[in-house]
Amino acid sequence: MNLPNHFELLATDGAARTGRLATPHGLVRTPAFMPVGTAGAMKGMHWREVRDAGADIVLGNTYHLMLRPGAERIAGLGGLQRFTGWGGPMLTDSGGFQVMSLSELRKVTEKAVTFRSHIDGAKVELSPERSIEVQRLLGSDIAMQMDECVRLPADRADIERAMQLSLRWAERSKRAFESAPSGYMLFGIVQGGDLPDLRHASARSLTDIGFHGYAIGGLAVGEPQAVMLSMIEETAPALPVDRPRYLMGVGTPEDILEAVARGVDMFDCVMPTRNGRHGMAFTRFGQINLRNARHIDDPRPLDEESPWPAARDYSRAYLHHLVRAGETLGAMLLSEINVAYYQELMQGIRAAVANGTFEDFRTKTRAGWARGDIAPR
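Sequential numbering of the sequence shown, starting at 323, is according to the numbering used here.
Following this line, the structure appears as structure tokens:
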């Protein structure tokens, strides 16, 4: 059974797509990259900087928020958008991946996942119904079904078991979401590891169940990039053309560019802020390590042509100093530079698809990364 569709596909260029997604808190231009505000905060950045950088939508994490400060408390304070001051569209994950990755003591049953909180060791049960309840309390525009993600490589039996369990949880998640107000969305998640037949089976079953959008899950979990791209090629064509497609937890600018070329519309990753905290900048020259001594006496900016002020206004020598001195400002500046670069990349992709020049944009962008940084002084 299909749910109302809030996605409008505006143009295609090959498999690449551009469109817009209407949410209760505003429009999202696609392809879209969602910066990750795990615990209700963007690490090293103010929300206004995230907005000014061009982000239409951000991601919040159900696992962390339900443990602290608690979904009921956030609901009592007006929901996650009001609580954080972001105010715009927001997607929340189901919490399942964090349970699998952060909780050493956990038990997966048909009913739910039981685990110990990484904060205080308290025993917590997360079922598909509770995951949806938490996401509705948070007030996110887009909720995700509860699923089980298996790290690759894995045996076929483990991948298939998790995929089938995720399908049963998808049906329960949808039933639990039925009382959500109009305009809010629930996405299903395709699982199946690195096995094409299981990916196809998962996509078919989720389409039969019917969701507002569809995510490709279980990738970027340790497999080579070639495997990830191959699974996207297998999965994206099996999903409804008129619904948004979300590749979860991805990734580098190259990953994003290649996934867009294969029909993906939405992305999220902690990489822009995490790498910024470790002295790494994403630019049209590729990734630049500001810890490198080559920058110590360089008065030039990271990129004099960047539309983002911090990439133009601060010298490489100063950024190098901040990073080497462990100053918080260094992490803040590089995080905002990175988030802004990701949004600049998405804007370029959207414009290229709309103009029918995506392949030219893709070639030129990859060539810029391959040339590398400007020569040292």
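In this text, a Cβ means the ideal position worked out from N, Cα and C, and glycines have one as well.
- Taking a 10 Å sphere around the C-beta of H347, we find 16 or more other C-beta atoms and assign the residue as buried.
- Counted as a single uninterrupted DSSP element, the alpha helix (DSSP H) harbouring P518 occupies residues 518-531.
- A633 has its alpha-carbon roughly 46 Å from the corresponding atom of K429.
- DSSP places F499 inside the alpha helix (DSSP H), whose first and last residues are 478-499.
- Excluding residues up to 5 positions away in sequence, S416, G418, P450, S453, W491, S495 lie with their Cβ nearer than 6 Å to the Cβ of M468 in the same chain.
- Per the DSSP secondary-structure output, L349 pairs in a beta bridge with A344.
- Scanning the stretch 374-408 for uninterrupted beta strand (DSSP E) segments of 3 residues or longer gives 380-382, listed from N- to C-terminal end.
- Residue burial is scored here from C-beta neighbours: E432 has fewer than 16 other C-beta atoms within 10 angstroms and is therefore classed as exposed.
- When DSSP states are grouped into helix, strand and coil, S637 belongs to the strand group.
- For A344, the closest C-alpha among the options D378, A337, A338 is that of D378.
- Secondary structure of K429 (DSSP, three-state): strand.
- Counting only unbroken stretches of 4 or more residues, the alpha helix (DSSP H) elements lying wholly within the stretch 588-634 are 593-599, in sequence order.
- By alpha-carbon distance to R483, the top candidate from M412, E470, P546 is E470.
- Collapsing the DSSP output to three states places I696 in coil.
- Per DSSP, the beta-bridge partners of G535 are F509.
- The stretch 535-554 makes no contact with the stretch 360-371: fewer than 3 CB pairs, one atom from each, lie closer than 8 Å.
- Looking from the CA of Q457, the closest CA among A476, F509, A444, A393 belongs to A393.
- In this structure, T605 places its C-beta atom within 8 Å of the C-beta atom of L624.
- R584 and D564 have their C-alpha atoms spaced approximately 15 Å apart.
- Closest by C-alpha distance to R638, out of P629, G648, G652, is G652.
- Non-local C-beta neighbours of E626 in its own chain, meaning closer than 7 Å and more than five positions away in sequence, comprise R634, ordered along the chain.
- DSSP, reduced to helix, strand and coil, places A363 outside both helices and strands of the structure shown, so it counts as coil.
- Approximately 7 Å separates the beta-carbon atoms of E681 and G336; this is inside 8 Å, confirming the contact.
- One Cα belongs to L399, the other to D516, and the distance between them is close to 42 Å.
- When the beta-carbon positions are compared, G608 and G505 stay at least 8 Å from each other.
- For D577, the enclosing alpha helix (DSSP H) has its first and last residue at 575-582.
- Taking M466 as the centre and dropping the five residues before and after it, the same chain places the C-beta of D415, S416, F509 closer than 6 Å to its C-beta, in chain order.
- Following the DSSP letters along the chain, one finds V675 inside the alpha helix (DSSP H) bounded by residues 650-677.
- Ranked by how close their Cα comes to the Cα of A662, the residues A354, P562, L489 have A354 in first place.
- D620 and V372 have their C-alpha atoms spaced approximately 28 Å apart.
- Under the three-state reduction of DSSP, V563 is assigned to coil, being neither helix nor strand.
- Cβ-Cβ distances below 8 Å link M356 to A377, I379, V380, L381, L413, M588, F589, D590 in the same chain, with the five nearest sequence neighbours on each side left out; the list follows chain order.
- By the CB criterion at 8 Å, N677 and A603 fall outside the cutoff.
- Under the 10 Å beta carbon count, P631 is surrounded by fewer than 16 other beta carbons and is classified as exposed.
- DSSP places I464 within a strand segment (E or B) once states are collapsed to three.
- Y568 has its alpha-carbon roughly 38 Å from the corresponding atom of R622.
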